[in-house]
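Protein chains: 2
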Amino acid sequence: METGLRSDQYDVIEKHTQSGLDLVEKYVKFAKERTEVEQNYAKQLRNLTKKYSPKRGSKEEQECRFSSHQSFLDILNEVNDYAGQREVIAENMILNICLELSKYLQDLKQERKTHLSDAKKAQQSLESSYKQLESSKKRFEREWREAEKANQNAEKADQDINATKADVEKAKMQAHMRTHVAEECKNDYAAQLQKYNQEQSQFYFTEMPQILNKLQDMDEQRAVKLAQGYVSFANTEKLVMPIISKCLEGIAKAGGNTNGKNDSLALIEQHKSGFERPGDLEFEDYSQGINRASSDS
Amino acid sequence: METGLRSDQYDVIEKHTQSGLDLVEKYVKFAKERTEVEQNYAKQLRNLTKKYSPKRGSKEEQECRFSSHQSFLDILNEVNDYAGQREVIAENMILNICLELSKYLQDLKQERKTHLSDAKKAQQSLESSYKQLESSKKRFEREWREAEKANQNAEKADQDINATKADVEKAKMQAHMRTHVAEECKNDYAAQLQKYNQEQSQFYFTEMPQILNKLQDMDEQRAVKLAQGYVSFANTEKLVMPIISKCLEGIAKAGGNTNGKNDSLALIEQHKSGFERPGDLEFEDYSQGINRASSDS
Chain A
1 METGLRSDQY DVIEKHTQSG LDLVEKYVKF AKERTEVEQN YAKQLRNLTK KYSPKRGSKE
61 EQECRFSSHQ SFLDILNEVN DYAGQREVIA ENMILNICLE LSKYLQDLKQ ERKTHLSDAK
121 KAQQSLESSY KQLESSKKRF EREWREAEKA NQNAEKADQD INATKADVEK AKMQAHMRTH
181 VAEECKNDYA AQLQKYNQEQ SQFYFTEMPQ ILNKLQDMDE QRAVKLAQGY VSFANTEKLV
241 MPIISKCLEG IAKAGGNTNG KNDSLALIEQ HKSGFERPGD LEFEDYSQGI NRASSDS
Chain B
1001 METGLRSDQY DVIEKHTQSG LDLVEKYVKF AKERTEVEQN YAKQLRNLTK KYSPKRGSKE
1061 EQECRFSSHQ SFLDILNEVN DYAGQREVIA ENMILNICLE LSKYLQDLKQ ERKTHLSDAK
1121 KAQQSLESSY KQLESSKKRF EREWREAEKA NQNAEKADQD INATKADVEK AKMQAHMRTH
1181 VAEECKNDYA AQLQKYNQEQ SQFYFTEMPQ ILNKLQDMDE QRAVKLAQGY VSFANTEKLV
1241 MPIISKCLEG IAKAGGNTNG KNDSLALIEQ HKSGFERPGD LEFEDYSQGI NRASSDS
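For the record, the sequence lines run as chains A and B.
Numbering-wise (the working numbering), the first sequence opens with residue 1 and increments by one.
Numbering-wise (the working numbering), the second sequence opens with residue 1001 and increments by one.
Take a look at the structure:
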């Protein structure tokens, strides 16, 4: 005969709920590390844009009057905004998944502990009741054996022709007394048995099913909450997708804003004062005087 | 007087086209570093999914019969696919931006070099023509001075009463000869001047505008090509956005697939043989024999 839950059954429930908790814990850790990857990615993108952005007052900054350069600057700004969105993803994952589930996990651990402790208590109470039953059963057995012996003694004295009437009376009194004690032990055993059977039935058909149902509800609730965390993982990123799309649109637009013709015109406009073309050189006639002299001759 | 392009003007064109090339080079480097960030990001995501994926035959892998665990595995797989898409972005940026523009940049450098060298050659040719003009002008000036002197000598001899007829004739011959030489030099100077003015006009109104137009076309073409590279930067990512969206859908779906109730049922189904509830304990009546003895008495 066994008392309490079969140990393998209890272990199954204990292990299954523990494995559920472990999964939540693991998922929180996973989400946390994902945010670190995300933050690292954002940081690298920010460093990249910083590295390629022109310094204030630099030659490169002046070049930005040309659309080709200005568009590159626009792209850097969009990539920077893009990095910002990756940071938003990381922050929201921390808030909506890591912190949310970590807090929930603490409650869950506490709840599971309470249920398991209730189960343990119920089991211990049943075990203690069983021990009482065993001891009252043993007492009953022992006392009946004693009563039996006393009755045999009384019978023997009754049939002994050498026994005095007083001896017989004394033996019969003894037998009667022991039988009375033994009957009281029998009644006690019967009462303990009834009590135990009630408790056992209570344990197996009410208490344990209730606790197991609570653990099951808890585990199902855990699965629901974790599923929300899973969905949150996707939604956190989906939420910024439109803004990320806008960044990409901004980059494409910066490409579209590049206008080499306008840049040429700007360059020509700026430097057109330099486009002076010299006229023809004039003939310098050194022969004017000589021609006269020559024609004079 | 100046020859050739004003040096500041030439510098402007040279610097502007150089700055255009530098920008392309810078953009290629920027895109290259962006792909490294992207590849690094993908690598970290892959490492993360690997770290959290259950080992073959492990206890965790067996847990995947429960939807909560299976969904987490699905998410890991989606994140892995997601990482793959980031790698696609990196690869396509290398192909469509870095390699494409690097190759173009080489052609561009060569083309610019050719145009600038053509400009230099034209300028040198005009300068050399100017030097010839200067030297023929000086010769003309010198020869006319000599001829003037010879004519004055001839006049002096003509008026000198002490001069012999032979002296006068000789001086006149000399004056005539030098005047002839000087006139040839004058004609040469005139021819050189005409040639130079033609060349100068050719240089300023045909050659240099042509070269500058070519450089301008080249730079505008460079801007167009770079703008394509800018747009490509956005498009490369936009192209994988639907697949990334699918990964996110997959993650959300994995969340939706989590079913705690089913997991409970599966657990119960698997372990239901363990759910044996003991029946009531029976009364063990040690008093049967004694009762008889007692009732016999």
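Positions of the beta carbon are idealized from the N, C-alpha and C atoms, including for glycine.
Span of the alpha helix (DSSP H), counted from its first residue to its last, around residue i
i	result
B:A1163	Where B:A1163 is concerned, there is no enclosing alpha helix (DSSP H), given that its DSSP letter is neither H nor E.
B:G1229	M1208 to N1257
B:Y1082	S1067 to M1093
B:E1063	K1059 to E1063
B:N1262	G1260 to H1271
8 angstroms Cβ cutoff, residue i in contact with chain A
i	result
B:P1278	yes
B:A1119	no
B:L1126	no
B:S1287	yes
B:I1251	yes
B:K1156	no
B:V1231	yes
B:K1032	no
B:H1016	yes
Proximity below 8 angstroms, CB of residue i to CB of residue j
i	j	result
B:T1017	B:D1219	yes
A:Y230	B:A1083	no
B:A1147	B:T1114	no
B:S1058	A:L226	no
A:C185	A:E134	no
A:V12	A:L101	no
B:E1183	B:L1116	no
B:N1248	A:E237	It should be pointed out that residue 1248 of chain B corresponds to Leu in this sequence rather than to Asn. Yes; because the gap between Cβ atoms is below 8 angstroms, this pair is in contact.
A:S298	A:Q192	Lying before the first or after the last residue shown, residue 298 of chain A is absent from chain A, which here runs from 1 to 297.
B:E1025	B:A1090	no
B:N1153	B:A1119	no
A:F66	A:D263	yes
A:L48	B:E1033	yes
A:G250	A:D74	yes
B:V1168	B:A1157	yes
B:G1260	A:A42	no
B:E1141	A:Y286	yes
A:S71	A:N257	yes
A:Q44	A:I244	no
A:A122	A:F203	yes
B:R1112	B:N1080	no
B:A1190	B:I1097	no
Cβ of residue i within 8 angstroms of any chain B Cβ
i	result
A:L239	no
A:Q110	no
A:T258	yes
A:N153	no
A:E220	yes
A:N197	yes
A:I161	no
A:V12	yes
A:S136	no
A:Y324	Since the first and last residues shown for chain A are 1 and 297, residue 324 of chain A lies out of range.
Residue burial classification, residue i (beta-carbon count within 10 angstroms, cutoff 16)
i	result
B:L1099	exposed
A:Q62	exposed
A:I161	exposed
B:Q1124	exposed
B:S1129	buried
B:R1056	exposed
A:I20	Looking at the sequence itself, residue 20 of chain A is Gly, so the reference to Ile does not match. Counting Cβ neighbours within 10 Å, A:G20 comes out buried, since at least 16 surround it.
B:E1207	buried
B:S1297	Bear in mind that a pLDDT of 37 at B:S1297, under 50, signals an unreliable position, so the number given afterwards is only what the model happens to contain. Flag for B:S1297 reads exposed.
A:M173	exposed
A:R277	exposed
B:L1215	buried
B:G1283	Note that residue 1283 of chain B is Phe in the sequence shown, not Gly. Exposed, because fewer than 16 other Cβ atoms sit within 10 Å of the Cβ of B:F1283.
A:Q106	exposed
B:Q1200	buried
Proximity test, residue i beta-carbon vs the ligand MN heavy atom, cut-off 7 angstroms
i	result
A:Q159	Inclusion of the ligand MN in the displayed structure is not the case, the ligand content being empty and no account of it being possible.
Near-chain A residues of the region 1061-1073 of chain B - C-beta to any C-beta below 9 angstroms: E1063, F1066, S1067, S1068, H1069, S1071 and F1072
What residues from the region 1074-1101 of chain B come within 7 angstroms of chain A, judged by C-beta to C-beta, listed N to C? I1075
Scan the region 1043-1060 of chain B for residues whose Cβ lies nearer than 7 angstroms to a Cβ of chain A and list them as they occur along the chain. Q1044, L1045, L1048 and Y1052
By the 8 angstroms beta-carbon criterion, what residues does the region 193-217 of chain A contribute toward chain B? Hits within the stretch, in order: L193, Y196, N197, Q200, S201, Y204, F205 and Q216.
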